[in-house]
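Written below as structure tokens is the structure these notes are about.
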Amino acid sequence: MTNELYELDLETYVWTKFKDTDQKAPKARYFHSANQYKNSIVFFGGMGYSRTSNDGLCVLDDVSIFDLDTYTWKHPEITPSSFSPRPRYAHLAAVTANKLVVVGGQDMSNSYIEEINVLDLDELTWTSSRPFEKHCGAYRSVAVSSTSHTNLPLYGNNVNDNASITSSFDSTSSSSDTNVPTPLRKSTSQQALSTTNNNVPNTIRKPPSVGAFGRPGSLRRSPSGGQNIVRSRSIKRVQSSSNSYYRLSYTTTVTEENPNPIYLYSNYNFTDVKRELQVIAPPTTSNYQIMDHSSNMTGAFLPPGLRFPTGAILGHHLIISGTYLTNTSQTFSIWALNLANLVWSRVDTGSCFSQGSWNRGILCEETNKYFVLGHRDRSLVDDYNHRQTNFDHVTVVDLEAFGIYQPPPATMSTSAQELGLALLNDANMADFEIVTQDDQRIPVNSQLLSQRWPHFKALVNQQAERVPKPKYDEETIKNPDEEETILMYNNRALEFPEPYPVTIAFLQYLYTDHLLTSQQHHPQILAQLLLLADMYDLDRLRQLTSHSLHQSLSMSTAALIYETAALSRQTGLQIRALKVMIAAKKMLQQQQHQQRESRVPPQIGDGDILSSNWTNPASPPLSAAIASDTRASYYDPYSTAMNLTSQSPQSSPIQTRTRSSSSVSAYSSSISNRGYLPTIQDSIK
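Counting in UniProt numbering, the sequence shown runs from 1 upward without gaps.
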């Protein structure tokens, strides 16, 4: 046993030992729980030696808190009450809102404790206790909660705030048999841009010409002195037949008023695996509910018996990982449960974990990566028998490559987003013009663009330095600031080297901070926006476009998405698109083989393969392995585990293609016109 504390730098992969100079660390122990709350780690229970007695080895019921800001220990004295938990080890614990929920565990005689206790982490008092007639322990179960909400209705969530979203489907929209909401939603609105029958954005009516412009990227004085900016009708408010906006799923922060539930997953009887899923409602009151959804879990393949499982929640998926031991297989396995429909799928890592002793999985929500700790050269069976956990090597699994990731957050309300579009449509609020590659003018507000587009702000500042100061007479100099403002803003235009549909979609993003209109969600427009996000280093736009492209991924769009993701360095999206292309190719090859054997025309065409058939293919049995030549040809992020004992970082296990001069012109002719950035040139002599 030990009471040493280490931290791992996820950039250098170097362990650092915490020096307990004050000798305030808790006594050595094992099978305790550790949960993050705000900027602290809360430790509870375990088996070890008590701080207050010399009784030798015993089970514990104390609470210790490690402050991550000051790197100091605190040992609060909690007043005993009827709600205090019995001493235990190998229990489960999870934090939701400001409550630590302790479930199950075992006592000194190894008997299961059938009880749930709740600790208020702000008041440091035990607030409730209730019986729970299940055998739950670290050997067979895991309890997790999330610090983020998703707007998708999930099992166990009270989704009152999603009622308007789930009921806002257009009457012509098709619904799934399982009533699972899609991440891309329609909602009614009175302002929407028209589209063609193929859902390609229409080009909004071109206004009358207001003058000639110089080379692309030039900032010019409007021939009419800037007056026609207000009268321009380059943006026309058009209502489509569906009168709808499109809204992606998004993430919101958990609050104490609306906390997340706790998902408790158990598996036992490993020769004939039994699986259970209980959802513990947030314990805001003493009579909180516990719902059993064990019978609702489905899937083409179900997870095997996993020993000492670890888990986490990412987006709308519950990630479960653990040791899988049989006579024929000894490996570390990762599975994902879709919490919207309770369908299991396996995270296929190939033969990465077939050798070595891999023991623990930890999620980094910010990067959508799952870190698996262990030792690549040890025996998993030997370490399991001796209950040894290793931390010498780490393998990083990019969950986004499997379509599992945290959606970007919503930054403003729906009303605010629609107000942004209304502002873009109102030419009276404009003092600047954007001129597209096809010579269409869009009036914009330069102050808004300067605040939300750093590159535009830099161009304006550069232009301001080059503009000569006007000479004022005695009458004009009384208000020089007003005259200079008119000179700087009302007499300029920026030629943007993109066609109109891409430019208007980009401006709609700048005005709303979201992807809202139907034309913004067209795959070719999304591809252009992702490249613009990479070019101008707009992280928010990069997240939104990647999220939408994940939802748009299909056999017909996979090549476009793959190339765009490669150019913009979105590795997870790139890998997932490539897997779709390979799966589609295999389907067509099988179809051709069947056609040659039966001499019957093929029944499956490109348009007949639905996205659900290839974006979430049925996972093969755990014993089945993808042919090594097939897997290595497109994705092998797990070939080398990183050595955590080294003092210098090793190369990333995921090879990311760098951006090259090639383009995706094979899929969108406008992408090739990306040889330069827009610049501002002053034409005032």
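Just so it is clear, CB atoms sit at the ideal spot from N, CA and C, and this is done for glycine as well.
Neighbourhood of E7 by C-beta distance below 6 Å, restricted to the same chain and skipping five residues each side: Taken in chain order, the residues that qualify are T16.
Rounding to the nearest angstrom, what Cα-Cα distance links T414 and S546 in this structure? For T414 and S546, the gap between their C-alpha atoms comes out near 21 Å.
Can you give me the C-alpha to C-alpha distance between S450 and F456, rounded to a whole angstrom? Straight-line Cα distance between these residues: approximately 6 Å.
Suppose contacts are defined by Cβ-Cβ distances below 8 Å. Is A90 in contact with F31 by that definition? Taking 8 Å as the cut-off, the Cβ atoms of A90 and F31 count as close.
Do Y49 and V142 come within 8 Å of each other at the CB atom, strictly closer than that value? Annotated as distal: V142 and Y49, with beta-carbon spacing of 8 Å or more.
Between the C-alpha atoms of R599 and S354, what's the straight-line distance to the nearest angstrom? Each residue's Cα considered, the two are about 42 Å apart.
Runs of 3 residues minimum, wholly inside the segment 493-576: which ones carry the beta strand (DSSP E) assignment? The segment 493-576 contains these whole beta strand (DSSP E) runs: 493-495.
What is the rounded straight-line gap between the Cα of Y370 and the Cα of G322? One C-alpha to the other measures close to 13 Å.
Which first and last residues belong to the beta strand (DSSP E) in which Y49 is found? DSSP places Y49 in the uninterrupted beta strand (DSSP E) bounded by 40-49.
Which class does N327 belong to by DSSP, given the choice of helix, strand or coil? Of the three classes helix, strand and coil, the one that applies to N327 here is coil, per DSSP.
Exposure of M1, with buried meaning 16 or more beta-carbon neighbours within 10 Å: Classification of M1: exposed, given that the 10 Å Cβ count is below 16.
With DSSP as the reference, please indicate the residues paired to E77 in a beta bridge. Answer is none; E77 lacks a bridge partner.
Quick one: Cα of L339 to Cα of P153, how far? The C-alpha of P153 is placed about 9 Å away from the C-alpha of L339.
Can you tell which of V42, D55, L419 has its C-alpha closest to the C-alpha of L124? Nearest to L124 by alpha-carbon distance, out of V42, D55, L419, is V42.
Assuming P87 and R51 are in contact, meaning their beta carbons sit under 8 Å apart, how far apart are those beta carbons, in whole angstroms? The beta-carbon separation of P87 and R51, rounded to 13 Å, does not stay under the 8 Å limit for a contact.
Does the structure place the segment 514-524 close enough to the segment 537-555 that three or more beta carbon pairs sit under 8 Å? Counting Cβ pairs under 8 Å, three or more are found: they touch.
Pairwise C-alpha distance: C364 and P407: About 14 Å.
Check the C-beta distance from P499 over to T436 and give it rounded, since I have them as a contact under 8 Å. Taking 8 Å as the upper bound for CB-CB distance, P499 and T436 are in contact here, some 6 Å apart.
Measure the alpha-carbon distance for A138 versus T96 and round it to whole angstroms. Their backbone Cα atoms lie some 19 Å apart in a straight line.
Should Q574 and A565 be called a contact, given that it needs their Cβ atoms to be closer than 8 Å? With contacts defined by Cβ atoms closer than 8 Å, Q574 and A565 form a contacting pair.
I need the straight-line Cα distance from F23 to P261, nearest angstrom please. Sequence check: residue 23 is Gln here, not Phe. About 37 Å.
Distance, Cα to Cα, T12 vs V394? For T12 and V394, the distance between alpha carbons rounds to 12 Å.
For A300 and E256, the rounded distance between their alpha carbons: Distance from the CA atom of E256 to the CA atom of A300, rounded to whole angstroms, is 37 Å.
Classify V347 as helix, strand or coil using the three-state DSSP reduction. Note: V347 maps to coil in three-state DSSP.
I'd like the list of long-range same chain contacts for T147, defined as Cβ closer than 7 Å, with 5 residues on each side in sequence excluded. V254.
Here's the rule: buried if 16 or more other CB atoms are within 10 angstroms of the residue's CB, otherwise exposed. What is A627? Caution is warranted here: a pLDDT of 32 is assigned to A627, below 50, making its placement in the model unreliable, and no coordinate value can be reported.
Nonlocal neighbours in the same chain, by C-beta distance under 7 Å from P208, ignoring five residues either side: Low local confidence applies: a pLDDT of 30 at P208 is under 50, so the model's placement there is unreliable, with the coordinate-based value given in what follows. Closer than 7 Å at Cβ, skipping near neighbours: no residue.
My understanding is that Y509 touches L541, with C-beta atoms under 8 Å, so please give their C-beta distance in whole angstroms. Indeed, because the Cβ distance is near 6 Å, the residues count as touching under 8 Å.
Determine the closest residue to A28 out of S40, L60, N35, with distance taken between C-alpha atoms. For the set S40, L60, N35, the Cα lying nearest the Cα of A28 is the one of L60.
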